[in-house]
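Student: Quick note: the sequence shown uses this note's numbering, first residue 589, plus one each step. All C-beta atoms, glycine included, are put in the ideal place defined by N, C-alpha and C. Here it is, the structure, as structure tokens.
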Amino acid sequence: MLKKVFEPIKIGNLQLKNRLVVPPMVTNYCNTDGTVTERYIAYHEARAKGGWGLIITEATAVDERGKGFHNMAGLWSDDQMESHSRLTERVHQHGGKIAVQLYHAGRQTGSHITGVQPVAPSPIKDPTMDETPRELTKEEIKEIIEKFGDAALRAKKAGYDAVEIHGGHGYLINQFLSPFSNKRTDEYGGTLMNRARFAVEIIENVRKKVGKHFPILFRISTVEFVEGGLTIEDTKVIARMLEQAGADAIHCSTGVYKTMMYVIQPAAVPHGFSVSFAAEIKKVVSIPVIAVGRINDPLIAESVLLSDKADLISMGRAALADPELPNKAKEGKLDEILPCIGCVQGCIGRLLKGLDICCLVNPSTGKEKEFAVEPAKEKKKVFVAGGGIAGMQSAIIAAKRGHEVHLYEKGDKLGGQWLLAAVPPSKTELNTLTIWLKAQLDKLGVHVHLKTELNENIIENENPDAVIIATGAKPFVPNIPGVNLPEVVLAQDVLAGKKDVGQSVVVVGGGLVGAETAAHLANHGKKVVIIEMQKEIVKDGEPAVKYFLLKDLQEHNVEIITSATVKEIKQGSITFEKDHVMKEIRDVDNVVIAVGSKPENALADKLQGKVEKLITVGDALKVRKALEAMEEGYRAGLAV
């Protein structure tokens, strides 16, 4: 079934065992001085063990003043080389090949990170940043070109198998390439050839310093999706220039910071969204082309390669979700691959907050040593209350350690609230995690008791050594006059299909659940209004997810009323206050309540002091996101 992905290929003189690539992803695992940590090394080592053809490290700064994150790798100094050497050695021990991506952030950073004013080809502020950059002089441009070459030579000496020059995602090289950010009138601006000069001279400088046989990859945003930015026709011309300058492969991405939803694409973006752009680049160059963009399944990767749209496939977040993906795929164990679900909570979601990355579906990402699953010294009887994702995760880890595990779920199916989260538009992919978790429970021999609520009597009769409470949360019902009317329903009941609603619906609450429920109803032809107390809806949502959700709501004519408080619900109407004025919506068939949830942890209170070990996880502990629920479930499985 999978043949093309496992065919060897060469990039320059570098022989790769297969065509699956881990692309660069900033982790925030490194030291502030640019040296790499044991955590960073272990993270890459896990992917080397997993069988990837090529691993490309995160963006690695060539200049201390050009880094975009506090805890990112650097190669601007010889002092950093020793730590990088340890990384390459560990990857090579497992037969892996590793390249380092070299970059300069340009205007997409800030003085709070670098201590100096950002620089750029022109003094134009990036739409997503706070500071206006300083325009680089020609002398400074030459200095940065030299810094790229020097960093590449350090990379070669540190044992890297190749370097990748980051010319995409709106960073400094991209800023020179694009008319969106480059308004210069000298030889580095204006015409397409002039705008490409900086990139070309960097490749030439790197080639001069590393020699003619050391592979150089170049990453490019084939389209920026901004008005006045790079188009695919522009980048087709640029790609030919890059090849002529000495690049050995073109790594085709999309987007810049302003269009981050197309750099790190959420589940609302179709699989393989950016492949067509890579295919256009492949038409005009003779060197290998790497495609990327929502390719989270090796079957999709195989299809792209067989269609001759690319020569290699980058599977970034798929590599976060399951570092063993290539090995499992090669062995035909496709159903055992832990799937990326496009949630963007742990990866770009955390990175945009300045935090270290992780992965919702795989809590061991970035914690490879801390979360190593070792056999328990003593086999115990472990009971888990609740069959949502936190409960299933804790049961799986406990079972992997050799315990006898019993999972109790009061409903007739596993998945809990996660099943409802998969109902709204673009969320179906969440079901792949449920399917994987259920398969693991079965494989590990976990005793699953459906339609059985764990209680004190069962605990007393069975006498387990440990109990994990993962009973989730229940909807919060606000004290609004009329809230108990029959036409008032809960969002959870609507998503579960337990309650039907009429044509005209008002959703009270504009958090993620409320907004997604509104989108679900609007996509089914309902006329929907959202009323939210805060100034905006989905206030704490992941930006990329929020972008496509708001777009969907707008396209389906959902009315959004913010900074408003619901005062009363009557049969056929709802009254709310906005700007100190009372207003009424009439001819309402149903009101949907979506104002949050509260922990459902009564069992935990009852069992205090009655069992040897009692752990509460997920929403039963505190209502948060699935990211926390999965990690807590994992930790609980390790702790029993």
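Classify F594 as helix, strand or coil using the three-state DSSP reduction.
Tutor: Reduced to three states, the DSSP call for F594 is helix.
Student: Check this for me: beta carbons of A784 and I753, under 9 Å apart or not?
Tutor: In this structure, I753 does not lie closer than 9 Å to A784 by Cβ.
Student: In the DSSP assignment, what are the bridge partners of H1037?
Tutor: Looking at the DSSP assignment, H1037 forms a beta bridge with Y996.
Student: Counting C-beta neighbours from all protein chains within 10 Å, is the total for P876 16 or more, i.e. buried, or is it exposed?
Tutor: When all chains shown are included, P876 counts as buried.
Student: On the criterion of 16 or more Cβ atoms from any shown chain inside 10 Å, does T645 qualify as buried, or is it exposed?
Tutor: Result: buried.
Student: Identify whether T773 lies in helix, strand or coil by the three-state DSSP scheme.
Tutor: T773: coil per DSSP, three-state reduction.
Student: What do you get for A960, buried or exposed, if any count of 16 or more other CB atoms within 10 angstroms of its CB means buried?
Tutor: A960 is exposed by the Cβ-count criterion.
Student: Check I643 in the structure and name its three-state DSSP category.
Tutor: Strand at I643.
Student: Identify every residue that forms a DSSP beta bridge with P1187.
Tutor: According to DSSP, which records beta bridges pairwise, P1187 is partnered with A1061.
Student: Which one of V624, F764, E956 and H700 has the shortest CA to CA distance from A634?
Tutor: Taking only the C-alpha atoms, the option nearest A634 is E956.
Student: For A855 versus G778, is the C-beta spacing smaller than 9 Å?
Tutor: No, the Cβ-Cβ distance between A855 and G778 is not below 9 Å.
Student: Answer with buried or exposed for S766, where buried requires no fewer than 16 other C-beta atoms within 10 angstroms of its C-beta.
Tutor: The residue in question, S766, is buried, as its Cβ has 16 or more Cβ neighbours within 10 Å.
Student: Any idea if Q1080 is buried or exposed, counting beta-carbon neighbours within 10 angstroms, 16 or more meaning buried?
Tutor: Buried.
Student: Quick one: what's got a C-beta closer than 8 Å to W1006's C-beta in the same chain, skipping five residues either side?
Tutor: Around W1006: G976, I977, L1018, L1021, T1022 and A1214.
Student: Using the Cβ count rule (16 or more neighbours within 10 Å means buried), how would you classify M589?
Tutor: So M589 ends up on the exposed side.
Student: Where does E958 fall in DSSP's three states?
Tutor: In the structure shown, E958 sits in coil (DSSP, three-state: anything other than H, G, I, E or B).
Student: Measuring alpha carbon to alpha carbon, tell me which residue in H658, T819 and A1084 is nearest T702.
Tutor: Measuring from the Cα of T702, the nearest candidate turns out to be H658.
Student: Smallest Cα separation from I1118: which of A743, V1176 and S769?
Tutor: Measuring from the Cα of I1118, the nearest candidate turns out to be V1176.
Student: So, under 8 Å CB-CB, S710 and N770 are touching, yes? Tell me the CB distance rounded to an integer number of Å.
Tutor: Between N770 and S710 the Cβ distance is about 6 Å, and since that is below 8 Å, they are a contact.
Student: Give every residue of the same chain whose Cβ lies closer than 7 Å to the Cβ of K744, excluding the five residues on either side of it in the sequence, and list them in chain order.
Tutor: Cβ within range, chain order: V798 and F802.
Student: Do you know offhand how far L926's Cα is from G920's?
Tutor: Those two C-alpha atoms are separated by around 14 Å.
Student: Evaluate contact between the stretch 1175-1194 and the stretch 1084-1103, counting only Cβ atoms and requiring at least three cross-stretch pairs below 8 Å.
Tutor: At 8 Å Cβ cutoff, the stretches touch.
Student: Between the C-alpha atoms of H991 and K965, what's the straight-line distance to the nearest angstrom?
Tutor: Near 10 Å, if we compare the C-alpha coordinates of K965 and H991.
Student: Kindly identify the DSSP beta-bridge partner or partners of I686.
Tutor: I686 pairs with I643.
Student: Starting from the Cα of V972, find the closest Cα among G1060, S874 and L724 and give me that residue.
Tutor: The shortest C-alpha separation from V972 is found at G1060.
Student: State the DSSP-derived secondary structure class of M1170, mapped to helix, strand or coil.
Tutor: Looking at M1170 - three-state DSSP - the assignment turns out to be strand.
Student: For H700, count neighbouring C-beta atoms within 10 Å of its own C-beta (all shown protein chains included) and say buried if the count is 16 or more, exposed if not.
Tutor: That one is exposed.
Student: Which full runs of the alpha helix (DSSP H) of 4+ residues lie inside the stretch 731-813, going along the chain?
Tutor: Here the runs fully enclosed are 760-765, 780-783 and 785-798.
Student: Going by the DSSP bridge assignment, what does Y1135 pair with across the sheet?
Tutor: Answer by DSSP bridge pairing: none, since Y1135 is not bridged.
Student: Using alpha carbons as the reference points, say which of V1146, H680, C840 and E1220 lies closest to G1113.
Tutor: Per the Cα distances, V1146.
Student: Within this structure, are the beta carbons of A879 and A909 separated by less than 9 Å?
Tutor: Not closer than 9 Å, so no.
Student: Determine which residues share a DSSP beta bridge with L939 and list them.
Tutor: In DSSP, L939 forms no bridge with anything.
Student: As a quick exercise: from K1194, Q668 and K1127, pick the residue whose alpha carbon is nearest that of V624.
Tutor: Among K1194, Q668 and K1127, the Cα nearest to that of V624 is on Q668.
Student: CB-CB under 8 Å to A1089, same chain, minus the five flanking residues each way: which ones, in chain order?
Tutor: The residue you asked about is not Ala; residue 1089 is Val in the sequence shown. Closer than 8 Å at Cβ, skipping near neighbours: V1077, V1082, L1109, K1114, D1177, N1178 and V1180.
Student: Taking all protein chains shown into account, do 16 or more other C-beta atoms lie within 10 angstroms of the C-beta of G1160, making it buried, or fewer, making it exposed?
Tutor: That one is exposed.
Student: In chain order, what residues of the same chain have a beta carbon less than 6 Å from the beta carbon of A1132, not counting five sequence neighbours either side?
Tutor: These residues qualify, in order along the chain: M849, P854 and V932.
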